[in-house]
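Student: I am attaching a structure below and will ask some questions about it afterwards.
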Amino acid sequence: MLIFSAPETAEATLLTITANHPLRGVETAPQENPSFRNVKVMEVKGRYTVSGQARVSSGCFYYSVEDGHRVLLQETFMKVNKEAPNWTDFSIILPEMKGRSGKLFLNLYERDDGDGKIIHPYVITIP
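So the sequence shown is residues 19 to 145, counted in this note's numbering.
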């Protein structure tokens with residue numbers, strides 16, 4: 019379980035982030051993996067903002083959101099300012115997730131330049 023602390027207000031709540039994603043069998047999320055670190059999720063009036071740092075080989079990564087049963091946000095491309103070996107900040111504002119059932123799972127990942135397979139997945143549970 020990753021816990022981030024920050025001042026809480028009536029409108030904004032910093033979430034506790036876990037990575038117990040049932041579809042991937044992930045029991046813990048590293049605080050850092052080769053592509054992502056310092057990832058935080060902030061909820062404001064039902065909308066989620068995800069921020070962190072990425073070190074991605076092609077200067078881009080992908081993200082998607084699911085609820086464990088359905089994909090609620092299809093794979094989305096995210097361009098960052100710098101390529102590896104540099105870490106660069108990113109911020110994503112997720113659209114409102116209609117029809118969700120329970121927790122959300124945010125998937126951050128890169129795709130291999132050669133075969134397009136997912137590499138360096140980073141799964142975050144959003145309660």
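Built from N, CA and C at the ideal position, the CB exists for glycine as well.
1. Confirm, please, whether the CB-CB distance from V57 to Y140 is below 8 Å.
2. On the DSSP letters alone, give me the boundaries of the beta strand (DSSP E) that E61 sits inside.
3. Out of P52, G70, H138, S53, point me to the one whose CA is closest to L60's CA.
4. Pull up the DSSP beta-bridge partners for D85, would you.
5. Would you list the residues sitting across from D107 in a DSSP beta bridge?
6. I need the boundaries of the beta strand (DSSP E) containing R146, first residue and last residue.
7. Can you tell me which of the three DSSP states E93 falls into?
8. If we ignore side chains and look at the alpha-carbon of each, how far apart do A72 and D133 end up?
9. So, under 8 Å CB-CB, S82 and T94 are touching, yes? Tell me the CB distance rounded to an integer number of Å.
10. From G86 to L122, what distance separates their C-alpha atoms?
11. Does DSSP put E50 in a helix, in a strand, or in coil?
12. According to DSSP, is V98 helix, strand or coil?
13. Identify, in the order they occur along the chain, each residue of the same chain with its Cβ nearer than 8 Å to the Cβ of V89, setting aside the five sequence neighbours on each side.
Tutor: In short, the structure shows the following:
1. yes
2. 54 to 62
3. According to the sequence shown, residue 60 is Met rather than Leu. Among P52, G70, H138, S53, the Cα nearest to that of M60 belongs to G70.
4. None; D85 has no bridge partner.
5. Q71
6. Nothing about residue 146 can be read from this structure; the chain reaches only from 19 to 145.
7. Strand.
8. 21 Å
9. 7 Å
10. 7 Å
11. strand
12. coil
13. So the list reads S82, V83, once near-sequence residues are dropped.
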